[in-house]
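J.: Start counting the sequence shown at 14; every next residue gets the next number (this note's numbering).
For glycine and all other residues, C-beta sits at the position ideal for the given N, C-alpha and C.
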Amino acid sequence: MSSNLNTVARANLRASKGKYILTGLGIAISSFFIAAVIVLISSLQGTVSASIGDVLTKADNIVISAGANDQSNNSANIYLDEETIKKIQEDPSVASAWIDYQGSGKFGADKTTAYYNQAPTSTDAFPFSIDGKLPANDSEIMLSKIFAQKHNLKTGDKVTSQDIVASASDPSTTDTKEYTVSGLFDGGFSGASSNDAVFIGGTTYGEAATKALKNRPAGAPEYVYPGATIAFVKFKGDDQAAARTELQNKLNTGDKNTEPKVTTGKEYLKKIQDQISAGFALIGTILGAFAALALLVSSFVISNTFAVLIGQRVRELALLRTLGARGSSLVLMLIVEALVVGIVFSAIGALAVYAVAGLLSLLFNNILITYDPMAFVAGVALCTIVTVLASLAPARTALRISPISAMGETTAQAVKKPSIIGMIAGVLVGIGGAVLVSIAIGMTNDKKDSEQAVLLVMLAALLLGVAIFLLTPWILLPLVRGLGTMFRTQTGKLAVANALRSPKRTVSTGRAVLVGALVVATVLTGYSVMNASLAKAMDKTFPISAMAVYGDGSSAGAKGVEKARSVADKARGLKNVEAATVASAAGAVEYTIPVKDTDKSVDHASNLVALSQDELGKVIPGEASQQLADNTVLVPTKIYEASSYNDSTRLKATGPRGTVELKPIKSQTQQTLFIVNTATGAKLQDASDPKPIAVANAPEQQGAQGQPAQGSEHQAPADGAQGAPTAGAEGDASPGATGAGSEGASAPAGGGAQGSAAGASAGSAQQPGQDGAGQQELGTVARGNQTMVLVRAASPLSSSDNAALQDELTKANDGVDFVGGLQSRKQIDQILTILLGCTLALLALAIVIAVIGVANTMTLSVNERRRENAMLRSLGLSRKQLRRMISAEAILITLGAVLLGILGGIGIGLLAAKVIFTASNSSAEIVVELPFLGLAFVVLVGLLSALVASALPAIRSARMSPVEGMRS
């Protein structure tokens, strides 16, 4: 009997193949996504490994910095220090050492981004084959063959480019120099980072990098400047392992923040690959969650398809039962059908990934595509399992029908009410989610474990989503009935009756749409609330919206003041600028801050700026009530509190014109500047032509103050993002962090991964020269000649207005970014926007499958109701009315599910955003701003999807003549 049933199964597959196409398309899309995730992660890992592997696999022995060795240690030195480099070079066991100083800049007339490296002095240390010779001095460079081809260069050619040595202290220097291309090297894989490297001869680049690091502004991060994270070493003798151990012992410091690591290139590569794998595993988990969502939606489509098809075959199944087939045999027959459908369509989807991957490898040769066979296996296996599982419930439902009753004229299945068990489970799960939300909110209010609070609210969001899913039958059907009251025509009433006629099918179709709408609404709401809350928090954290600093290099003295006044005039005319003023240089102030949890204190100095009472009120409205009397200074709140200042405290201020004792006044906002009035400033500094203060025993400075010259893309005010960052204030920017060279975290090419290894942790590293208060050490850079342009922007600003204003200010400042709240928010907005875009793009997959599900359900339903529709036609229903009826039914189900998803998504999004945002800053205020435009777009997409999904079945049904329909 089983062989006969298999024959029946094959016959049914052939007869119903057209009915499986839409379902199969959903299965294929899910399989494609699963396989694509695996191929993507595998290719990214392979590409990154290949881009760094050529360098490190050929390196017998290396010495890496503490930061490169332990990226989890944010306080570790990113670069090898001078003492370590000297020990390596002078060690008697070392035959040769290549200290790979790495930086970045702009190459050639087209200013292509390039990674500068100091070339080795011997080819023995260089891992690539060379055509020509190594550069011998700082007028010669060596390029990769790929890089040279891009710039139409060959060995012996001369090229004028940015002065590489000068770029060590000023990354955006406009100074140029003529270089001779001494040789070309083969960097191997075209996507390798070494192919963008420019190697300069001599030792001047390394010397300039060392000097720039030594003289950098207090608080400026190391990664802004060039440095050496790695040294390639050749040992004398044959026992390399013993030589590494001996050198390690000599370099040990006992301090994990400074102690370098002596190892082999292969061991370090393995460590980096493990770290990369961990990062990509997280990405894979996130993408896997979206794949699971696609599979969930597909399961509804599959279940609906088999429910309808099995319902149409009830008489056939009953006949087989009367002929001796057992129930289990019929279930097995249906499973075979589902198995074949799952295998065929999932295989098509998985194979399509390799075709797309092959096309991408032809278009992009800098990506190493890996054709992982596990992608095919996983895609086919998972989708086939889901297909089989989704078909089980419909099969069991059909087999419960009595064979005798099924042999009658009607095969309509009984309409069942929603299960009360599902409702109880939904309520209980919802209560559980609400309890977790309450706990998470309580933890953020009490400033307890914020990470745990975020995890709890994520779990709560999942439980609340499941609760809505379980309660869908009890909510969606009444919602569809209520929406149906809008349709007052007879056609509309028929559509409502058809939608409610099979509650199980309506709920299953609605759930496919609901999942997509719920997640999209949650994401949009969470993004909108967090963005609005962020804007308000940034306004509080940065009372001064933007600032630019003048006083170094070409902008020193009177020229800087003139430039500042010109920029301020331009800024005042910009849209959304409420105030812009010039804060004059006014010397420097000295003060002492106690070190937390110790009896020690540290001397500091910060630049003073002078503002009139009117200017202060306009640019920092929160300080308008402050009375800046003569010989007083407005001090950042955290500094004032950390130092326990009072009315009897006096701070020493110094300038070229003399010394003044100042009474500190506590700021009423989180502003971070030391501000005096113009009369006090005039006692210390000439505001129209400020001169630097001579500081005894200060290190040699770059320009006037030892910070990047005005015009540097890495420029930050010497006192931090807004002058002097407050002592541990939540949300305050650390010195130099704002605008301090996003390129710093990029991997310098010549050293490959070693650059990225250090750079990866650099962004979050503790800034040098900081203590608990985050201020400058006395005599480092506070030269008292900084003139600033301070800007107050309108509030609140939308993301687009914020970005537009920051761009306009940059143009007004000759291409140099203003730093402060506008810039920080723009950077965060860009990240949030990218995350939102990627999330919605991935969610689009589930939405497409949901649309396919609606189309599939409508097609099968119309096919099932042929005789009924033919009867309506014979009673006078026109083709147009029939099409409208079918479309109205699809719209009712889709619109009900979308509205339910939006309502649930708004609630979940609000709760999640509150916990996530307050977890990062418990004092932050949540701004409830719903994305009405985005939610309206979701509704519009839902309606259009319903129309598109119902178009084909409606047209096909309308074309069928009543006579043909009555015969079916």
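Only counting the same chain, and skipping five residues up and downstream in sequence, which positions put a Cβ closer than 7 Å to that of Lys696?
T.: Result list for Lys696: Arg670, Gly671 and Val673, in chain order.
J.: Taking a contact to mean a Cβ-Cβ separation below 8 Å, would you say Ile47 touches Ala331 in this structure?
T.: Annotated as distal: Ile47 and Ala331, with beta-carbon spacing of 8 Å or more.
J.: Three or more C-beta pairs closer than 8 Å, one from the stretch 827-840 and one from the stretch 502-518: is that the case here?
T.: no
J.: List the endpoints of the continuous alpha helix (DSSP H) containing Pro486.
T.: Thr485 to Gly497
J.: Could you check the C-alpha separation between Asn690 and Ala89 for me, to the nearest Å?
T.: 41 Å
J.: Tell me the residue span of the beta strand (DSSP E) that contains Val76.
T.: Asn74 to Ile77
J.: In the DSSP assignment, the beta strand (DSSP E) including Pro607 goes from what residue to what residue?
T.: Counting along the chain, the beta strand (DSSP E) containing Pro607 begins and ends at Val590 to Pro607.
J.: Buried or exposed for Ile91, please, with buried defined as at least 16 other CB atoms from any protein chain shown within 10 angstroms of its CB.
T.: buried
J.: State the Cα-Cα distance for the pair Ser759 and Val526, rounded to the nearest angstrom.
T.: Note that Ser759 has pLDDT 33, beneath the 50 cutoff, so the model's placement of it is unreliable and the number below is only indicative. Each residue's alpha carbon lies about 42 Å from the other.
J.: The beta strand (DSSP E) that contains Ser614, what's its start and end?
T.: Ser614 to Ala623
J.: When you compare only the Cα positions, how much space is there between Ile143 and Asp287?
T.: 31 Å
J.: Identify every residue that forms a DSSP beta bridge with Arg805.
T.: Ala592
J.: State buried or exposed for Gly267, treating a residue as buried only when at least 16 other CB atoms are found within 10 Å of its CB.
T.: exposed
J.: Compute the distance between the beta-carbons of Phe141 and Asp199, then report whether it is under 8 Å.
T.: yes
J.: From Ala438 to Gly947, what does the alpha carbon distance come to, in whole angstroms?
T.: 32 Å
J.: Looking only at C-alpha atoms, which of Ile77, Asn150, Asn378 and Thr168 sits nearest to Gly215?
T.: Asn150
J.: Identify whether Asn130 lies in helix, strand or coil by the three-state DSSP scheme.
T.: In the structure shown, Asn130 adopts extended strand secondary structure according to DSSP, grouped into three states.
J.: Output needed for Gly446: all residues of its chain with C-beta closer than 7 Å, excluding positions within five of it in sequence on either side, in chain order.
T.: Ala473, Leu476, Leu477 and Ala480
J.: Tell me, please, whether the stretch 380-396 touches the stretch 357-370 by the rule of three or more beta-carbon pairs shorter than 8 Å.
T.: yes
J.: Touch check for the stretch 110-124 and the stretch 300-317: three-plus C-beta pairs under 8 Å?
T.: no
J.: Spatial neighbours of Tyr658 within its chain, please: CB distance less than 6 Å, with the 5 preceding and 5 following residues excluded, ordered by chain position.
T.: In chain order, Pro677 place their CB closer than 6 Å to the CB of Tyr658, counting only its own chain and leaving out the 5 sequence neighbours on each side.
J.: Taking just the CA atoms, how far does Gly529 sit from Val984?
T.: With the chain covering only 14 through 981, there is no way to say anything about residue 984.
J.: Based on Cα-Cα distance, which residue from Thr650, Gly59, Leu858 and Ala49 lies nearest to Ile285?
T.: Gly59
J.: Could you check where the beta strand (DSSP E) with Thr667 kicks off and where it finishes?
T.: Leu664 to Gly668
J.: Rounded to the nearest angstrom, how far is the Cβ of Gly497 from that of Val509, given a contact under 8 Å?
T.: At roughly 3 Å, the Cβ-Cβ gap stays under 8 Å, so Gly497 and Val509 are in contact.
J.: To the nearest angstrom, how far is it from the Cα of Leu484 to the Cα of Thr907?
T.: Spanning the two alpha carbons is a distance of roughly 17 Å.
J.: Please state whether the Cβ-Cβ distance between Leu147 and Pro133 is less than 8 Å.
T.: yes
J.: Does the contact criterion of 3 or more C-beta pairs under 8 Å hold for the stretch 857-871 versus the stretch 580-600?
T.: Three or more beta-carbon pairs separated by less than 8 Å are not found between the stretch 857-871 and the stretch 580-600, which leaves the two stretches without contact.
J.: Would you give the residue range spanned by the beta strand (DSSP E) that Met155 belongs to?
T.: Glu153 to Ser157
J.: Under the three-state reduction of DSSP, which class applies to Val50: helix, strand or coil?
T.: helix
J.: Skipping 5 residues on each side, what residues in its chain have a beta carbon closer than 7 Å to that of Ala717?
T.: With a pLDDT of 34 at Ala717, under the threshold of 50, the modelled position of that residue is not reliable, and the figure given next carries that caveat. These residues qualify, in order along the chain: Gly564, Asp565, Ala569, Pro705, Arg796 and Asn798.
J.: For Ser811, which of Ser182, Lys549, Arg886 and Ala205 has the nearest alpha-carbon?
T.: Lys549
J.: Out of Ala577, Met898, Val533 and Val369, which has the shortest C-alpha to C-alpha gap to Leu856?
T.: The residue with the shortest Cα to Cα distance from Leu856 is Val533.
J.: Buried or exposed for Arg805, please, with buried defined as at least 16 other CB atoms from any protein chain shown within 10 angstroms of its CB.
T.: By the 10 Å Cβ count, Arg805 comes out buried.
J.: Are the beta-carbon atoms belonging to Thr800 and Ala577 less than 8 Å from one another?
T.: yes
J.: With a cut-off of 8 Å, do at least 3 Cβ pairs link the stretch 101-108 to the stretch 289-300?
T.: no
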